[in-house]
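**Q**
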Amino acid sequence: MKHHYFIVLELPGESNLKITEGQEVPRSFWENAATTVGNGNAKIICTRQDTGVSEDLRKHVTKVKQFTTYILVSLRLNRKVSKKNRTLNRQLSQCISDTATGLVLENDTNFSLYTIEAA
């Protein structure tokens, strides 16, 4: 049985991209993000079934010393998959690749947060 999860990913430094407010996220960003996640090079900040991801992210960004890019994904997963990073990375990568569009949720001086939603 699948359950709804909210997952926050932190992209490594070379994948960071700051978008000015009102602009769309370029397709190349999503292609690069999908590859980065699929290769296991993105850090999973949190995986939760509730909206507490926002508190986890706020706590995390207080420790960030350089500009960082995060992606929030809303996804239905099997509980076993949600615990296995390699399988989860493949599913997240496919989700990002399939969607290839998203919204800018927040642009801060220290971080950007983008979101996509998958079925």
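Under the working numbering, read the sequence shown as residues 265 to 383, first letter to last.
No residue lacks a Cβ here, since even glycine has one placed at the ideal position from N, Cα and C.
(1) Determine the extent of the alpha helix (DSSP H) in which residue 296 is found, giving its start and end residues.
(2) Residue 319 to residue 310, Cα distance in whole Å?
(3) Apart from the five residues just before and just after residue 312, which ones in its own chain have a Cβ nearer than 6 Å to its Cβ?
(4) Mind checking residue 333: buried by the 16 CB within 10 Å criterion, or exposed?
(5) To the nearest angstrom, how far is the alpha carbon of residue 336 from that of residue 265?
(6) Give me the Cα-Cα distance between residue 363 and residue 323, rounded to the nearest whole angstrom.
(7) With which residues is residue 361 paired in a DSSP beta bridge?
(8) Excluding sequence positions up to five away, which residues of its chain have a Cβ less than 7 Å from the Cβ of residue 353?
**A** With the structure as the only source:
(1) 291 to 302
(2) Using only the alpha carbons, I get a separation of about 10 Å.
(3) 270
(4) buried
(5) 22 Å
(6) 28 Å
(7) Residue 361 is not bridged to any residue.
(8) 301, 302 and 304
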